[in-house]
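Accompanying notes for the structure given below.
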Amino acid sequence: AAATREAAAAGEPLLADWLARREVPTRILAGDPTGAEARLAQLLGQTASPSEAAWEAARAFHRTGELERAATWYRSSLSGAAGRQTTRSREEILEGLLLTLVELGRAGEAREAIEQLGPASDLNADRVETYRRFLAWHAGSTASPTDATDEPSSSDLLRYWGLEFRRRGGAPVADLLARLEIERGRTSDDFHPLLDGLAAELLAESGHPEEARTLAAAALPAARRAAREEPQLRAHLDQLERRVERLGSPRVGQGTEPARR
């Protein structure tokens, strides 16, 4: 708060606005969600970027497992983004909301959130279709890759989905392992446990069960640790857990799993 006042006094309104917004996720990550929401309510009428403030709060709540609060603020941010209250794309905000709802076990609401947006000139239709296919894949159906999942410049998450879609669709193991190695070289460390879980399943299928079990056993606790910083991983932990169980690996490190609320 003092830094915010100093920035305002120095004639730096953009810096002051950013510093004020940062107070909210800082309080959330410090374990004060009620105080954070009270501060956010004050800021929404003051900040030049209310949708961005709501997104920052949603992501912090997502990280800490306050999923209901996360969903509420993702929705708020999404509504504001339609009015150009942020430079963040509506697809990015929608993605956070979908992942939160999936983790809450409310995939139906996630599908409704997509359809409620309708066709719009500011939405990337292929990316929105990718979200529909993710929901189908997560529910156990097959899904084919999209341009978004195959584009090298896409996010780590979308490219990972492309691998999983191909796996569910019956792509050859050798082809998937080759694609995995390419992805491993350009994917951030946070997503490596998800890649390792998929690789373990492929190794088991290709006749390397012990190597597969070892890799899977390490992937699950690593994913839980990474999910503390990268909330996109959280909605994939249940899939990874089932994969580990199928491979017969011990479910070690359960105490590191983020809280689900």
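Residue numbers for the sequence shown follow this note's numbering, so the first one is -4 and each next one is one higher. Heads up, the beta-carbon is just placed ideally off N, CA and C, and yes, glycines get one too. Since the structure is predicted, the reported quantities are computational estimates derived from the model, not experimental observations.
Inter-residue distance for residue 73 and residue 54 is about 13 Å (C-alpha atoms, whole angstroms). If you compare the alpha carbons of 84, 82, 89, 83 with that of residue 67, the shortest gap goes to 89. Per DSSP, residue 187 is one residue of the alpha helix (DSSP H) stretching across 187 to 200.
Of 158, 204, 138, 236, the smallest CA-CA separation from residue 147 is found for 158. Residue 50 places its beta carbon less than 7 Å from that of residue 83.
The segment 183 to 199 and the segment 20 to 37 do not touch, with fewer than 3 CB-CB distances between them shorter than 8 Å. Residue 72 carries a helical assignment under DSSP once its states are collapsed to helix, strand and coil. Your pair residue 105 and residue 134 does not check out as a contact, with CB atoms roughly 10 Å apart and the cut at 8 Å. A straight line joining the alpha-carbon of residue 168 with that of residue 23 spans about 43 Å. Distances from the alpha-carbon of residue 39 to those of 9, 92, 71 put 71 closest.
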